[in-house]
Structures are given as structure tokens and as C-alpha cells.
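Step one of this worksheet: look at the structure below.
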Amino acid sequence: RLVASMEVEETYIMIKPDGVQRGLVGEIISRFEKKGFKLTGLKLFQCPTELAQEHYKDLQSKPFFPKLINYITSGPVVCMAWEGVGVVASARKLIGATNPLNAEPGTIRGDLAVQTGRNVVHGSDSPENGKREIALWFKEGELCDWTPVQEPWVK
Ligand code: RTP
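Structure, rendered in C-alpha cells:
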């Protein structure tokens with residue numbers, strides 16, 4: 397689907413267990429809502445080990461992989477699907493650099509985190525991975541395609 401001749405994309409955003417534990421769920425959701433993207437999926441979820449391994453399979457050979465899987469499965473995460481023009485790259489900007497010490501103030505990681513291994517949120521790195529990850533984390537029937545009632549001032 398095109399809006400103003402730009403492709404509407406989907407991205408998978410996940411609040412990691414530290415974000416949930418620290419009470420940052422509302423704050424993080426709010427940033428994407430206020431930006432003007434559309435929430436199409438949302439759930440609190442205890443991630444099984446196999447799913448964490450599948451999600452991060454490209455990082456399998458990294459030395460930090462076991463720690464990463466422990467971290468992601470250490471408590472509930474908030475799974476979200478967001479839709480909008482340019483949402484994939486824009487969400488990565490809102491999230492900020494992987495190492496929160498390098499993340500700009502104003503970004504989620506720049507404002508709310510200090511450690512790479514506790515960087516509170518995930519965002520898909522391409523439209524293809526957005527689709528792949530949404531399909532991985534959500535079952536059919538868990539996503540809502542809805543239209544804002546008001547004039548769509550933000551698309
Ligand atoms: P994400 O997938 O979570 O949005 O993160 P990203 O693209 O910014 O970073 P990526 O390189 O894909 O790494 C995924 C997650 O692994 C953890 N990590 N730990 N050296 C380390 O201990 C290390 N490096 C990466 C982080 O939680 C990172 O977000």
C-alpha cells in the first residue's frame with residue numbers, strides 16, 4: 397500500500413525484560429504513538445528459549461549470544477507491531493544506537509539506558525525483517541488492521 401507515493405511498512409518493536417522491570421512500558425509505547433505510527437499488535441509475553449534463538453539466529457556465532465538469550469528470556473517482554481510510512485528506519489532512529497552510551501539524547505536508549513546488554517528495546521533493521529519478525533512473534537488473529545476515526549493528519 398502506498399501513501400503519498402511512499403510504501404507503508406511494518407516493523408517489530410519489542411520492549412526487553414529490563415524495560416518491563418523498570419516500568420518503562422508506557423513511556424516507550426508513547427514515543428511511537430506520539431510520532432504518529434499506528435499500533436497493529438501488542439502483547440505481554442514470556443518468550444521461550446527457542447523463539448529467542450530463532451529471533452536472534454544471525455547472532456548465533458557471537459560470543460555474547462548465550463547471554464543475549466538469557467537476557468531476553470529472563471522475564472516478560474512487550475511485543476509490538478507498528479505500521480507507517482518509513483516506520484522501519486524511523487523506529488531505529490527513535491530507539492538510538494545499540495550501545496546506549498553512544499545513543500543520542502532524545503532517543504529511547506539515549507535517555508533511558510546505559511548498557512548494550514540492557515538496552516531496553518528492539519527494532520527490526522529492514523522491512524523484510526519487520527515482516528519476518530512480526531510473523532515469528534504474533535499468531536494469526538493477534539494483529540488488528542484498523543483505521544483511525546479522525547482525519548489522518550499523520551499517515
Ligand atoms: P536489536 O536487534 O535488539 O534492536 O539491537 P541492534 O540491532 O541495535 O543490535 P544487534 O547488533 O542486532 O544486537 C542485538 C542485541 O544483542 C545485544 N548485544 N550485546 N557485546 C554485547 O554484549 C552485545 N552486543 C549486542 C544487545 O541487546 C543488542 O540490542
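Heads up: take any position in the sequence shown, counting from 1, add 396, and you land on our numbering. Quick reminder that beta carbons are idealized off the backbone N, C-alpha and C, glycines included.
Are the CB atoms of residue j and residue i within a distance shorter than 8 Å?
i, j, result
"V510", "I411", "no"
"T436", "L539", "yes"
"G492", "G506", "yes"
"G432", "I424", "no"
"Q417", "G471", "yes"
Whole angstroms are fine: how far does the CA of residue j sit from the CA of residue i?
i, j, result
"Q449", "P462", "9 Å"
"L420", "A487", "17 Å"
"I465", "G537", "27 Å"
"K527", "A477", "9 Å"
"P459", "I468", "16 Å"
"D541", "V516", "27 Å"
"P413", "G519", "14 Å"
"E524", "K453", "15 Å"
"F441", "N498", "29 Å"
"G422", "E479", "18 Å"
"H451", "T494", "17 Å"
"A531", "P548", "27 Å"
"E446", "W533", "12 Å"
"K430", "Q546", "15 Å"
Tell me which residue opens and which closes the beta strand (DSSP E) that residue i is part of.
i, result
"V416", "Unbroken run through V416 is the alpha helix (DSSP H), 413 to 417; no beta strand (DSSP E)."
"E423", "Here E423 belongs to no beta strand (DSSP E); instead the alpha helix (DSSP H) covers 421 to 431."
"W478", "473 to 481"
"F534", "Per DSSP, F534 belongs to no beta strand (DSSP E) and is neither H nor E."
So is the beta-carbon of residue i under 7 Å away from any non-hydrogen atom of ligand 1?
i, result
"T494", "yes"
"N466", "no"
"N525", "no"
"T469", "no"
"N498", "no"
The segment 399 to 414 / the segment 483 to 493 touching (three or more Cβ pairs under 8 Å):
yes
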